[in-house]
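Residue 1 is where the sequence shown starts when you use full-length UniProt numbering, and the numbers rise one by one after that. By construction, the Cβ of each residue, glycine as well, lies at the ideal position given by its N, Cα and C atoms. All values derive from a computational prediction rather than experimental measurement. The structure under discussion appears below in the form of structure tokens.
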Amino acid sequence: MRRANGFTAHHNGEDNSLDKEVESFLSDQQQFSCISDLTKVNPVTTTTVLRCLQARYAISVFYTKAGCSLVAINPFRPVQSLYSQELMNQYHTVDHLQELKPHIFTVAEESYRNVQSQIPLVNQSIIVSGESGAGKTWTSRCLMKFYATVAASSDIPEGSIMVERIEQRVLDSNPVMEAFGNACTLRNNNSSRFGKYIQLHLNRSQLLTSASIQTFLLEKTRVAYQAPQERNFHIFYQIAKGATLDERQEWDLLESAHFCWLPNSEKTLEEDCFDVTREAMTHLGIDSFTQKNVFKILAGLLHLGNIQFCESEDEAQLCELENLAKGFAETASRLLRVPGEQLLDTLRIRTITAGRQRQVFRKPCLKAECDTRRDCLAKVIYARIFDWLVSVINESICASNSVWNNFIGLLDVYGFESFVENHLEQLCINYANEKLQQHFVGHFLKAQQEEYAEEGLEWSFVNYQDNQTCLDAIEGNPVSIFSLLNEACRLNWTSNAAQFQSRIEIALSKNRSVSRDKFRKEPNFIVSHYAGSVCYRIESMVEKNKDPIPPELVLLLQQSQDALLQKLFPVEDTNTKPDENHTKTQAKPALVTVVSKFKGSLEQLMEILHSTTPHYIRCIKPNADCKADLFRKEEVLHQLEACGIVETINISAAGFPVRISFRSFLERYGLLKKLKKLNLKATSSQGNDFFPDAENVLLGFFFHSSQNLLLSTAASLSPSNTLHPSLLALAEQGWLVEANH
């Protein structure tokens with residue numbers, strides 16, 4: 001067992017003396033809350049780590065350093081003093097961040113200093129992960145506020161006006177995105193129902209000049225379906241509760257009205273603040289007329305959801321409307337500005353084109369298909385509005401590449417989900433979490449240990465949980481769950497869930513990450529994720545992956561007289577007719593499925609993350625009930641084990657997570673070469689000169705996190721051609737370690 005940094009790295013059950021060490025450690029109750037860095041725990045086990053976090057939580061200390069990552073426990077109550085302007089400035093101006101308590105501002109400032117100190121410039125990313133309700137959205141919001149504050153604190157008069165405008169717009173994007181993209185779920189009152197990656201662009205002076213937002217997989221099915229005790233997107237409740245009396249009368253949103261797509265409206269949340277959303281949209285450049293247009297369309301969707309159909313006794317006859325449904329249909333058509341009769345025909349009649357003569361047949365739909373077409377119409381409208389809103393925000397906060405040099409990225413994605421019933425949406429969400437876990441494993445737990453071995457550093461390998469088998473089952477080639485779903489869509493197979501279950505069992509029989517629940521009647525499959533096993537229901541999964549939009553629905557929306565809908569659903573140019581011979585031989589466009597599109601977007605995101613220096617914040621949910629001052633050890637322990645906290649601590653405490661190439665180090669800290677006769681105990685045999693020859697260094701210089709942070713701080717404080725005292729002290733203490741000493 002290798003001892004490093006004054007502690008012994010252990011794994012449970014690895015040493016017979018471990019129980020005694022743990023017992024001895026736990027006997028000193030007073031020390032727990034004082035341990036701000038879990039690498040100082042000795043021995044490192046899930047038991048000792050859990051006890052430290054619990055003790056700190058009991059005294060309202062919610063942030064703890066865990067090697068290369070930060071553990072953030074959700075307090076489930078406001079703690080305004082933790083996020084004040086004064087505290088932000090304190091973390092930004094302190095010479096040595098180690099002097100302050102662990103905080104998300106520590107991670108933010110360290111990333112900011114890395115941008116300033118590294119040559120060549122290396123973009124930074126902060127990856128915020130955790131279960132749904134663990135506090136990821138709040139954390140990302142606070143990080144954005146921190147950067148908007150510190151990047152705007154400039155003495156340059158020219159930049160101040162611009163930065164103030166940009167940073168305020170960046171902050172205003174938060175309430176708008178949350179209103180349209182977040183919802184109340186069983187586990188979280190403000191759950192993100194989409195993924196978001198924000199790039200904050202900095203110029204040469206490290207001032208915030210612009211930003212951009214990239215979104216992933218909006219859960220648009222929530223518009224038309226909300227699970228029991230859950231709600232629709234916040235914006236619908238904001239409109240229903242916060243619109244003016246005149247607006248509610250115009251949109252027929254009277255208090256006495258009941259809307260099928262507005263469940264649990266009696267529940268009041270702080271997210272139901274309509275004025276905040278409207279003000280933020282105004283700051284982003286969306287005028288009041290356009291805002292009202294958006295809200296009017298969304299009100300129309302609520303009325304659309306109340307169009308209920310009756311079962312038809314004769315398949316050749318149209319489905320009749322239920323009582324009151326006709327009135328809702330008239331209101332929906334008025335608000336969407338589409339012909340009322342055509343709206344009902346589109347929902348109840350399917351158009352079929354067949355034969356060489358392209359004959360058109362009209363077939364009445366059954367009730368279930370009418371419901372599906374109604375829901376599809378609502379989903380496609382909402383998704384287009386959401387995408388349009390993101391583009392408007394980006395136009396408001398973006399700038400050309402010429403005005404910024406590097407960026408700090410903030411990633412906030414939906415947390416790992418496991419419900420009583422899990423569908424395609426949960427599979428995609430959990431797949432995204434698997435990819436992020438693999439990024440952490442690949443970048444930190446695996447790659448760094450392999451690099452130490454390559455450099456010849458003394459190192460005892462720390463085992464870790466690799467999730468590659470699970471990812472192979474979901475996305476691997478040639479056969480995986482995704483490939484089977486896409487194949488079923490491409491061949492237009494009938495949605496037989498039992499047959500699809502059999503195909504999964506046969507094709508993935510050798511993958512230990514896939515199984516099924518034999519006690520469930522409905523077809524299903526189980527995936528053993530890094531955060532736990534999840535049972536997925538196969539019913540309608542293939543159809544959801546197709547995500548078909550009947551052409552009649554698009555045609556209806558193209559005929560709308562509403563200005564925004566006309567923009568979102570433009571009429572194709574029909575003046576130019578394609579050559580008839582070309583038309584006959586033209587192949588059908590490749591089918592773009594939900595999972596293939598999402599997989600492609602996620603791969604692009606991972607490429608960006610791999611090109612940056614990552615920083616990790618692990619958000620932890622202390623209890624499933626979202627209650628303050630309640631710490632359930634079993635639930636916290638499961639989350640710690642799932643994200644590999646113990647392995648992270650072991651590698652961080654004993655390792656060198658920061659590497660700087662020889663050339664970059666020479667460019668940044670070349671003045672050290674002038675130092676003579678220093679006591680360089682940890683360097684090479686060249687005792688009178690700190691720098692070895694380049695050929696004697698394989699990859700560069702390796703540092704502990706604390707050493708790198710001191711270096712970055714000292715370098716950022718050093719005037720040109722001078723050495724800051726902290727930098728001199730580092731060299732004199734022999735803290736700069738040659739890789740192959």
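If the criterion is Cβ atoms closer than 7 Å, does the pair residue i and residue j meet it?
| i | j | result |
| --- | --- | --- |
| Leu335 | Gly305 | no |
| Leu436 | Ser129 | yes |
| Arg618 | Val71 | yes |
| Lys363 | Arg374 | no |
| Ser111 | Thr648 | no |
| Phe180 | Leu389 | yes |
| Val170 | Ala211 | yes |
| Glu475 | Glu219 | no |
| Val462 | Asn650 | yes |
| Thr215 | Phe236 | no |
| Lys621 | Asp412 | no |
From residue i to residue j, what distance separates their C-alpha atoms?
| i | j | result |
| --- | --- | --- |
| Glu131 | Val420 | 16 Å |
| Cys626 | Gln85 | 27 Å |
| Gln116 | Gln206 | 7 Å |
| Leu366 | Asp314 | 9 Å |
| Asp629 | Ala58 | 7 Å |
| Ser483 | Asp472 | 11 Å |
| Gly133 | Ser191 | 7 Å |
| Val61 | Glu434 | 29 Å |
| Cys470 | Ala325 | 47 Å |
| Ala257 | Asp371 | 21 Å |
| Pro478 | Phe569 | 37 Å |
| Glu395 | Ser601 | 21 Å |
| Ile156 | Val122 | Bear in mind that the predicted position of Ile156 carries a pLDDT of just 45, short of 50, making it unreliable; the figure below should be weighed with that in mind. Cα-Cα distance, rounded: 25 Å. |
| Arg165 | Met177 | 19 Å |
| Met541 | Val94 | 53 Å |
| Asn492 | Tyr530 | 33 Å |
| Ser36 | Phe289 | 52 Å |
According to DSSP, what are the bridge partners of residue i?
| i | result |
| --- | --- |
| Ser560 | For Ser560, which the question treats as bridged, DSSP gives no partner whatsoever. |
| His423 | Paired residues: none, contrary to the question. |
| Ile126 | Leu410, His615 |
| Ala183 | Ser191, Phe233 |
| Val360 | Thr353 |
| Lys65 | Asp37, Leu70 |
| Asn524 | Arg537 |
Run through DSSP, which three-state label would residue i get?
| i | result |
| --- | --- |
| Asn430 | helix |
| Gly600 | helix |
| Lys241 | helix |
| Cys273 | coil |
| Phe416 | coil |
| His283 | helix |
| Val534 | strand |
| Ile504 | helix |
| His234 | helix |
| Thr683 | Because Thr683 carries a pLDDT of 41, less than 50, the predicted location of this residue cannot be relied on, and the following value inherits that uncertainty. Thr683 falls in the coil class under three-state DSSP. |
| Arg618 | strand |
| Gly135 | coil |
| Ser60 | coil |
| Lys677 | Unreliable positioning characterises Lys677 in this predicted model, as indicated by a pLDDT of 42, which lies under 50. The coordinate reading is nonetheless provided below. Residue state, collapsed to three classes: coil. |
| Lys196 | strand |
| Lys292 | helix |
| Pro120 | coil |
| Phe440 | helix |
| His529 | strand |
| Ala642 | helix |
| Ile549 | coil |
| Ser483 | helix |
| Leu50 | helix |
For residue i, is the beta carbon positioned less than 6 Å from some heavy atom of the ligand FMN?
| i | result |
| --- | --- |
| Thr45 | This structure lacks the ligand FMN, and indeed carries no ligand of any kind. |
On the premise that residue j lies in contact with residue i, defined as a C-beta separation below 8 Å, what is that separation, rounded to the nearest angstrom?
| i | j | result |
| --- | --- | --- |
| Cys428 | Leu217 | 6 Å |
| Val223 | Trp261 | 7 Å |
| Thr282 | Gln238 | About 15 Å; that fails the 8 Å criterion. |
| Thr613 | Trp404 | Rounded, the Cβ-Cβ distance is 17 Å, inconsistent with contact. |
| Pro263 | Gln226 | 5 Å |
| Gln501 | Phe525 | 6 Å |
| residue 769 | Leu605 | It is not possible to answer for residue 769, since the shown part of the chain is limited to 1 through 741. |
| Cys517 | Arg337 | The amino acid occupying residue 517 in the given sequence is Asp; Cys does not appear at that position. Rounded, the Cβ-Cβ distance is 48 Å, inconsistent with contact. |
Is there a Cβ from chain D that is less than 7 Å from the Cβ of residue i?
| i | result |
| --- | --- |
| Lys220 | Among the chains in the structure shown there is no chain D, since it carries only a single protein chain. |
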